[in-house]
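Taking it in order: structure first as structure tokens, then the write-up.
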Amino acid sequence: MNTWDDYYTRKARKEGYPARSVYKLEEIQKRCSVLRRGSKVLDLGCCPGAWLQFASRAVGRTGLIVGVDIIELKNPMPSNVRFVCADALTIKERVPEELGGRFDTILSDMAPKTSGNKFVDTQRSLALCGAALDLCAACLKPKGAFVCKLFFGDGFDEFTKVIKEQFKKVKLIRPKSTRKASREIYVIAKRG
């Protein structure tokens with residue numbers, strides 16, 4: 035069996051999602067309630083759009099999802115989704131005018147291009163998470179939530195310590211749909 039064609043991949047295809055990662059966000063939502071009806075959400079590293087689709091349904095018609103990625107979004111999205119083709123590492127300056135101000139939730143499923151070197155890949159992951167955390171300071175509402183994918187490795191404990199200093203509640207979750215060989219863990223942090 036092709037390891038990339040597993041249960042969650044087939045389920046995503048059957049349910050109309052472009053990626054299996056949707057089930058990671060679905061589990062995070064069930065366990066931590068990071069998305070609310072009518073809320074405004076920023077999704078970093080949003081391509082191919084599975085998290086955008088899920089978040090769109092969760093916030094409903096009165097909510098807004100803004101997706102940001104360096105890769106052009108090709109899949110059609112619901113009307114409450116806006117897409118900005120940009121680098122999340124440099125978008126902070128564009129937040130007020132292009133992204134529309136403050137958000138109730140910031141999601142980051144960003145992942146670096148992996149090199150095969152665990153140390154290098156972890157450091158690249160930490161850089162992306164650091165950029166997402168910087169965006170929280172710039173545009174997350176006072177009682178907002180932050181969800182961030184992070185590779186476990188050198189620097190992980192230090193980074194989670196920084197998050198714990200900035201947020202009231204912090205959980206680490208490894209969703210059931212995560213592949214066994216993956217070192218990814220999701221940090222779920224809430225300010226209020």
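Count along the sequence shown from 1, add 34, and you get the number used in this note's numbering.
Don't be surprised by glycine CBs; every beta carbon is placed ideally from N, CA and C.
If you're wondering where the values come from, they're calculated on a predicted model, not measured in any experiment.
| field | Helix, strand or coil at residue 180 according to DSSP, with G and I counted as helix | value | strand
| Range of the contiguous beta strand (DSSP E) that encloses residue 68 | Premise fails: residue 68 is in no beta strand (DSSP E) and is neither H nor E.
| request: State buried or exposed for residue 222, treating a residue as buried only when at least 16 other CB atoms are found within 10 Å of its CB. | output: buried
| So, is residue 99 buried or exposed, given that buried needs 16 or more other C-beta atoms within 10 angstroms? | buried
| task | With distances taken Cα to Cα, identify the nearest neighbour of residue 108 among 126, 87, 115, 83. | result | 83
| query | Helix, strand or coil: which one does DSSP assign to residue 119? | reply | strand
| query | From which residue to which residue does the alpha helix (DSSP H) around residue 262 run? | reply | Outside the displayed range of the chain (35 to 226) lies residue 262, so it cannot be described from this structure.
| query | What's the call for residue 105, buried or exposed, on a 16-neighbour Cβ count within 10 Å? | reply | exposed
| said: Do residue 123 and residue 165 count as a contact pair if the criterion is CB distance below 8 angstroms? | reply: yes
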